[in-house]
Amino acid sequence: IADRASKQHNRKLLSKFANPLAIRVGLFDPDEFLNATYPLVRPFLSWIGGVAFLALVGYSIFLAAMNWQALTGDVTDRVLSAENIALILIAYPFIKALHELGHAYAVKRWGGEVHEIGVMLLVFMPVPYVDASESLAFRDKWQRALVGAAGIIVEGLLACLALIVWLNAEPGLVRAFAFNVMLIGGISTLLFNGNPLLRFDGYYVLSDILEIPNLGQRATKYLGYLVQRYLFGIESAETPATAQGEEFWLFSYGVTAFFYRIGVMVAIVTLVSQRFFVVGMMMAGWALVLMVGLPLARQLWFLFTSASLRRTRGRAFAVVAASLALVAMPFFVIPLPYATAAQGVVWLPGDGVVNAGVDGVVTEIVATPGARIERGAPILRLEDPLLEARTVLLDLRVGELERRLEKLDVSNKVDAKVVAEELRLARADLVLARDRAEALTVRAQASGTLIVPSAKDLDGKFVRRGETLAYVTRFDQPTLRAVIPESDADLVRNHTAFVDVRFVEDPSVSHPAKIIREVPSLTATLPNAALSTVGGGEFSLDPTDPSQKRVLANLMHLELVLANPSKIDRIGGRIYVRFFHGNVPLYERTYRWIRQVFLRVYQV
Numbered sequence: 332i333a334d335r336a337s338k339q340h341n342r343k344l345l346s347k348f349a350n351p352l353a354i355r356v357g358l359f360d361p362d363e364f365l366n367a368t369y370p371l372v373r374p375f376l377s378w379i380g381g382v383a384f385l386a387l388v389g390y391s392i393f394l395a396a397m398n399w400q401a402l403t404g405d406v407t408d409r410v411l412s413a414e415n416i417a418l419i420l421i422a423y424p425f426i427k428a429l430h431e432l433g434h435a436y437a438v439k440r441w442g443g444e445v446h447e448i449g450v451m452l453l454v455f456m457p458v459p460y461v462d463a464s465e466s467l468a469f470r471d472k473w474q475r476a477l478v479g480a481a482g483i484i485v486e487g488l489l490a491c492l493a494l495i496v497w498l499n500a501e502p503g504l505v506r507a508f509a510f511n512v513m514l515i516g517g518i519s520t521l522l523f524n525g526n527p528l529l530r531f532d533g534y535y536v537l538s539d540i541l542e543i544p545n546l547g548q549r550a551t552k553y554l555g556y557l558v559q560r561y562l563f564g565i566e567s568a569e570t571p572a573t574a575q576g577e578e579f580w581l582f583s584y585g586v587t588a589f590f591y592r593i594g595v596m597v598a599i600v601t602l603v604s605q606r607f608f609v610v611g612m613m614m615a616g617w618a619l620v621l622m623v624g625l626p627l628a629r630q631l632w633f634l635f636t637s638a639s640l641r642r643t644r645g646r647a648f649a650v651v652a653a654s655l656a657l658v659a660m661p662f663f664v665i666p667l668p669y670a671t672a673a674q675g676v677v678w679l680p681g682d683g684v685v686n687a688g689v690d691g692v693v694t695e696i697v698a699t700p701g702a703r704i705e706r707g708a709p710i711l712r713l714e715d716p717l718l719e720a721r722t723v724l725l726d727l728r729v730g731e732l733e734r735r736l737e738k739l740d741v742s743n744k745v746d747a748k749v750v751a752e753e754l755r756l757a758r759a760d761l762v763l764a765r766d767r768a769e770a771l772t773v774r775a776q777a778s779g780t781l782i783v784p785s786a787k788d789l790d791g792k793f794v795r796r797g798e799t800l801a802y803v804t805r806f807d808q809p810t811l812r813a814v815i816p817e818s819d820a821d822l823v824r825n826h827t828a829f830v831d832v833r834f835v836e837d838p839s840v841s842h843p844a845k846i847i848r849e850v851p852s853l854t855a856t857l858p859n860a861a862l863s864t865v866g867g868g869e870f871s872l873d874p875t876d877p878s879q880k881r882v883l884a885n886l887m888h889l890e891l892v893l894a895n896p897s898k899i900d901r902i903g904g905r906i907y908v909r910f911f912h913g914n915v916p917l918y919e920r921t922y923r924w925i926r927q928v929f930l931r932v933y934q935v
């Protein structure tokens, strides 16, 4: 017995150093400390504590949604700055210590004991750990699951409290520390520790709930079994599914976990490479070796050497070759339609938009909507009794001052100078008033066809200066203006075969169009606010721009006309534009997309 105990002790000691990137060093037995402090945390481990936690999470989600732009703005630079990395290194062990205590107290909640607490050197970074292995002996799967989820709950609680602190603290160290607690306890928990698709706490919680031990390993084996049994034809292949219903979970988990891990790795590499390009590329190479290179090498070794393929090796090679061909042909050989989607508006030059020159009430629509109108012709008349009265009074004032100036003695130069200055100012005011009175008659600034969108509602309506009242356009050649991101400018400019336009009022009808002009320089201004996210478009506005037309990206403006002239009543209406570039294989599109990512994100 003593010899067996000695061997078990040696195996346990060796297991702590088996992985050089995750060395475990036990420090002390925390059971007495946990027993002494458990009464303090017992209320949090009750159903009342659970309800309070869920309420806090719901409130925090609401706060995060209301302050989303402030939370996510410039997040890459904020997270990867040298100062913030230092704060992360300080906050991470602190959060993980509370995380591990959560596991320990959960074990105590169900009558278990915890006899080891220590430090794990995770990639040489000290991270606390506790030995909660006694939870494996709990007969109730929900008890085991709650022990596994305790650390996730603790980090979620810390993230919620940190969000409240961050929203109320002044800029400084406390606010920066709270932001990092949110980052570690919130985002990292959702994406990593609490996500069952990665082998952290969430994985073991799901495994306990489903009662499928070694879920990830068995899911991988099940996918391999499907390939060997039904594609390679190995009749002796054995399924790792041992209970009814396991096949669904093993297949679903194996597929989703694989793609999620690929996505997470791509996201991490992209994030790191934006600030540390060389480090990011090293991580990308490491990921390719682990996720692609080694599995591919193992599969090739299996194909060439496995005894189970002795009778069906030819079939296996044929299946692999056919699979590669099925993937490669659409990617490298088969040309597929390629188009760039954009949005735009029915657009008029400045002189085609008829705006009110002054405030007033519409009294008469002089011109006939839909009829031909010449430049300078009246369209409608406004009325402003105060402006008319002011014009009359100023006219009388000018006459009075002229008479006073004539009666003054030539020798009285001082009074004459004062009256002359008053007369000059009065005449200037009179000219301005007469100009404004003339503007009460709204006239066309261009020749064309008159469009009055709300003619029936204009009579008797009070309009403000600058308000759009009508349009003058040519129905035979309506002008459309489309905007595209800078990244698509070269493709649209040099590789467009034809253009298709659809109006938002009737998107089922396609109208051929052609490009007639390209605005020479890139701009960050939209031709119409309807193209912004506020108006239902795709471009985010610059929050510092009062005009609400400047966006956060450079755009190219293109002017289009319909190939077949069509009547368009709604000036300023949104259009959907597709620039077709012919048929190209997928690899060309993929290469172009990768090049754009490197240019946009890494500037290389």
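So in our numbering, the last one in the sequence shown is 935, and the numbering has no gaps at all. For each residue, glycine too, the CB sits at the ideal point set by N, CA and C.
ask   = Just the Cα atoms here: how many angstroms apart are residue 436 and residue 542?
value = Taking the first residue of the sequence shown as position 1, residue 436 is located at position 105. Taking the first residue of the sequence shown as position 1, residue 542 is located at position 211. Rounded to the nearest angstrom, the two C-alpha atoms are 23 Å apart.
query = Does the Cβ-Cβ distance between residue 687 and residue 713 come in under 9 Å?
reply = The residue given as residue 687 occupies position 356 in the sequence shown. The residue given as residue 713 occupies position 382 in the sequence shown. Yes, they are a contact pair.
ask   = Between 910, 425, 396, 684, which lies nearest to residue 671 when the distance is taken from Cα to Cα?
value = Reading the sequence shown from its first residue, position 340 is the one you call residue 671. Checking every option, the nearest Cα to that of residue 671 belongs to 910.
query = Which value, in whole angstroms, describes the spacing of the CA atoms of residue 783 and residue 803?
reply = Taking the sequence shown and counting its residues from 1, one reaches residue 783 at position 452. Taking the sequence shown and counting its residues from 1, one reaches residue 803 at position 472. Between residue 783 and residue 803, the C-alpha separation is close to 9 Å.
ask   = Name the DSSP bridge partner or partners of residue 523?
value = Translated into positions along the sequence shown, residue 523 becomes position 192. Bridge partners of residue 523: none, in fact.
key: Separation of residue 558 from residue 565, as counted between CA atoms   = Along the sequence shown, read from residue 1 onward, the residue named residue 565 stands at position 234. Along the sequence shown, read from residue 1 onward, the residue named residue 558 stands at position 227. About 9 Å.
request  = Determine the burial state of residue 355: buried for a count of at least 16 other Cβ atoms within 10 Å of its Cβ, exposed for fewer.
outcome  = Taking the sequence shown and counting its residues from 1, one reaches residue 355 at position 24. Classification for residue 355: buried.
ask   = Can the beta-carbon of residue 661 be found closer than 9 Å to that of residue 913?
value = In the sequence shown, residue 661 corresponds to position 330, counting from 1. In the sequence shown, residue 913 corresponds to position 582, counting from 1. For residue 661 and residue 913, no; Cβs fall outside 9 Å.
ask   = In or out: residue 397 buried (at least 16 other Cβ within 10 Å) or exposed?
value = Taking the sequence shown and counting its residues from 1, the one referred to as residue 397 is at position 66. Exposed: under 16 other Cβ atoms inside 10 Å.
ask   = Does the distance from the C-beta atom of residue 859 to that of residue 867 stay below 9 Å?
value = Counted from its first residue, the sequence shown places residue 859 at position 528. Counted from its first residue, the sequence shown places residue 867 at position 536. Cβ atoms of residue 859 and residue 867: not closer than 9 Å.
request  = Report the three-state DSSP secondary structure of residue 885 (helix, strand or coil).
outcome  = Residue numbering aside, residue 885 sits at position 554 when the sequence shown is read from its first letter. Strand at residue 885.
request  = Let me know the secondary structure DSSP gives residue 781 once reduced to three states.
outcome  = The residue you call residue 781 lines up with position 450 of the sequence shown. It is a strand residue.
ask   = Regarding residue 764 and the ligand ADP, is the C-beta to nearest heavy atom distance less than 8 Å?
value = Annotation note on the ligand ADP: not contained in the displayed structure, which lists no ligands.
query = Nearest CA to the CA of residue 525: which residue from 553, 504, 483?
reply = Numbered from its first residue, the sequence shown carries residue 525 at position 194. The residue with the shortest Cα to Cα distance from residue 525 is 483.
key: Straight-line Cα distance separating residue 815 from residue 821   = Residue 821 sits at position 490 when you count from the first residue of the sequence shown. Residue 815 sits at position 484 when you count from the first residue of the sequence shown. If you take the alpha carbons of residue 821 and residue 815, they lie about 10 Å apart.
Segments assigned alpha helix (DSSP H), at least 4 residues, entirely inside the region 509-587 = 532-541, 546-557
query = How would you write the range of the beta strand (DSSP E) that residue 665 sits in, first residue to last?
reply = Against the sequence shown, residue 665 aligns to sequence position 334. First-last for residue 665: undefined, no H or E at that position.
query = Which value, in whole angstroms, describes the spacing of the CA atoms of residue 615 and residue 873?
reply = As a working mapping, residue 615 is identified with position 284 in the sequence shown. As a working mapping, residue 873 is identified with position 542 in the sequence shown. So the two alpha carbons sit approximately 33 Å from each other.
ask   = In three-state terms, what does DSSP make of residue 845?
value = As a working mapping, residue 845 is identified with position 514 in the sequence shown. Three-state result, residue 845: strand.
task = Keeping to the same chain, check which residues put their C-beta closer than 8 Å to that of residue 726; ignore five residues upstream and five downstream.
result = Position 395 of the sequence shown holds residue 726. Closer than 8 Å at Cβ, skipping near neighbours: 761.
request  = With DSSP as the reference, label residue 634 as helix, strand or coil.
outcome  = Your numbering for residue 634 matches position 303 in the sequence shown. Correct three-state label for residue 634: helix.
query = Counting Cβ pairs closer than 8 Å, one from the region 430-449 and one from the region 495-506, do we hit at least three?
reply = no
task = Give the secondary structure of residue 828 by DSSP, where H, G and I count as helix, E and B as strand, and everything else as coil.
result = Within the sequence shown, numbered from 1, the residue matching residue 828 stands at position 497. Here residue 828 sits in coil by DSSP.
task = Determine the extent of the beta strand (DSSP E) in which residue 686 is found, giving its start and end residues.
result = In the sequence shown, the residue the question calls residue 686 occupies position 355. Looking at the DSSP string, the run of the beta strand (DSSP E) that includes residue 686 is 684-686.
ask   = At which residues does the beta strand (DSSP E) containing residue 695 begin and terminate?
value = Translated into the one-based positions of the sequence shown, residue 695 becomes position 364. Its beta strand (DSSP E) spans residues 691-696.
Limits of the beta strand (DSSP E) - the one that residue 772 falls within = Stepping through the sequence shown from its first residue, residue 772 is reached at position 441. Residues 772-774.
ask   = Pick from 839, 845, 776: whose alpha carbon is nearest that of residue 829?
value = What you label residue 829 is simply residue 498 of the sequence shown in a count that begins at 1. Residue 845 is the option with its Cα nearest to residue 829.
ask   = Hey, how far is the Cα of residue 582 from the Cα of residue 439?
value = Taking the sequence shown and counting its residues from 1, the one referred to as residue 582 is at position 251. Taking the sequence shown and counting its residues from 1, the one referred to as residue 439 is at position 108. Those two C-alpha atoms are separated by around 36 Å.
8 Å contact criterion, which residue 418 and residue 507 should meet: CB distance rounded = As a working mapping, residue 418 is identified with position 87 in the sequence shown. As a working mapping, residue 507 is identified with position 176 in the sequence shown. Correct: roughly 6 Å between the Cβ atoms.
request  = For residue 485, I'd like the list of residues in its chain whose CB is within less than 6 Å of its CB, leaving aside the five on either flank, ordered along the chain.
outcome  = In the sequence shown, counting from the first residue as 1, residue 485 sits at position 154. Here the set comprises 429, 430, 433.
ask   = Sorted by chain position, which residues of the same chain lie with C-beta nearer than 7 Å to residue 653's C-beta, five sequence neighbours on each side aside?
value = As a first step, residue 653 is located in the sequence shown; it is residue number 322 there, counting from the start. Nothing listed; no residue qualifies.
task = Identify, in the order they occur along the chain, each residue of the same chain with its Cβ nearer than 6 Å to the Cβ of residue 883, setting aside the five sequence neighbours on each side.
result = For the purposes of this step, residue 883 is taken as residue 552 along the sequence shown, with counting starting at 1. Closer than 6 Å at the Cβ level, and outside the excluded window around residue 883, lie 871, 873.
query = Does DSSP put residue 454 in a helix, in a strand, or in coil?
reply = To locate residue 454, count along the sequence shown from 1; it is residue 123. Since pLDDT at residue 454 reaches only 48, below the 50 mark, its modelled position is unreliable, and no value is offered.
query = Among the residues of its own chain, which have a CB less than 6 Å from the CB of residue 721, if the five just before and after it don't count?
reply = Taking the first residue of the sequence shown as position 1, residue 721 is located at position 390. Excluding positions up to five away in sequence, the list reads 764.
Spatial neighbours of residue 674 in its chain, beta-carbon cut-off 8 Å, leaving aside the 5 residues before and after = Start at 1 with the first residue of the sequence shown, and residue 674 comes out as number 343. These residues qualify, in order along the chain: 813, 814, 862, 868, 869, 905, 906, 907, 908.
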